[in-house]
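Scroll down for the structure; my scribbles are underneath it.
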Amino acid sequence: MAPILYMSLASPPARAVIMTAEELGIKLELKACNVIEKEQFTPEFLRMNPSHTVPTLDDDGFYLFESGAIMTYLVNKYGKEDSLYPKDIKKRATVDQLLHFSTQSFTTFLYVARPIVLFSEKKSTISEENKSRLFANIEILEKIIGDKEFVTGNQLTIADLSFVSWISTVDVMYTIEEGRFPSVVRWWKNLENRPCYKINKEGVKQFANIWASRE
104 MAPILYMSLA SPPARAVIMT AEELGIKLEL KACNVIEKEQ FTPEFLRMNP
154 SHTVPTLDDD GFYLFESGAI MTYLVNKYGK EDSLYPKDIK KRATVDQLLH
204 FSTQSFTTFL YVARPIVLFS EKKSTISEEN KSRLFANIEI LEKIIGDKEF
254 VTGNQLTIAD LSFVSWISTV DVMYTIEEGR FPSVVRWWKN LENRPCYKIN
304 KEGVKQFANI WASRE
């Protein structure tokens, strides 16, 4: 039985998990959860995930939430080799470090996007402080990437998939300019060429449609 992923394609963390599965060659059963309609608050969903968030994984009755935890679990259980999440302790620590930073950065993204997307607040209510924090994290990512092909070096890891899921979504709200973030844009364009990116592109379009519908 394929693991079941409860998700919304508009959600960057959900797309990061799906891209990880694609890179691993794992077939997931995708079940849409409409968070705008609050389907994540049903008793059935809360039994799996008291945090009522997507993505949530059901692997034959083993429930897991938080995208970073799901991504590392999938690699550890199903990966034929360890390039996406190296077993070498220092390399793995570097990936973990960046996964944590990506999660922190995504939280800043949520401060900006969540009130607009989920609660239909006006875009004019977005504070300049939250917007500045969001771009400060992108500036840090710019320095992390530098002249490297991927965020940790010359090998794709799950940290790349985590970052690109929300970076591509931020670009819907505020253009990420190549002149300001040349390393980020170069790295991002490189990832767009991977087959797994197709699902991310679809999800970004879904988010863009929601964002465009808000005032």
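Mapped onto the working numbering, the consecutive letters of the sequence shown carry residue numbers 104 to 318. Think of the CB as a built atom: it goes at the ideal place given N, C-alpha and C, for glycine as much as any other residue.
Note on geometry: alpha-carbon atoms of residue 159 and residue 167 lie some 6 Å from one another. DSSP places residue 123 within a helical segment (H, G or I) once states are collapsed to three. Under the three-state reduction of DSSP output, residue 169 falls in the coil class, being neither helix nor strand.
Here the C-alpha atom of residue 248 lies approximately 8 Å from the C-alpha atom of residue 255. When only Cα atoms are considered, residue 203 and residue 117 end up about 16 Å apart.
In the three-state DSSP reduction, residue 105 falls in the coil class, being neither helix nor strand. Taking 8 Å as the upper bound for CB-CB distance, residue 303 and residue 267 are in contact here, some 7 Å apart. Counting C-beta pairs closer than 8 Å gives fewer than three between the region 177–193 and the region 276–288, which falls short of the contact rule.
Rounded to whole angstroms, residue 155 and residue 224 show a C-alpha spacing of 21 Å.
Excluding its 5 nearest sequence neighbours in each direction, residue 119 has C-beta neighbours in its own chain below 6 Å: 170, 264, 265, 268, listed in chain order. Taking C-beta separations shorter than 8 Å and ignoring five residues to either side along the sequence, the partners of residue 195 in its chain run 188, 189, following chain order. By the criterion of a C-beta distance shorter than 7 Å, residue 237 is surrounded in its chain by 211, 212, 215, 273, once the five residues flanking it on both sides are discounted.
At a Cβ-Cβ threshold of 8 Å, residue 286 and residue 242 do not count as neighbours. Counting C-beta atoms within 10 angstroms of its own C-beta, residue 295 has fewer than 16 neighbours from the protein chains shown and is therefore classed as exposed. For residue 142, there is no enclosing beta strand (DSSP E), as DSSP marks it with neither H nor E. Within its own chain, the residues whose Cβ lies closer than 6 Å to the Cβ of residue 178, once the five positions on either side in sequence are excluded, are 187, 188, listed in chain order.
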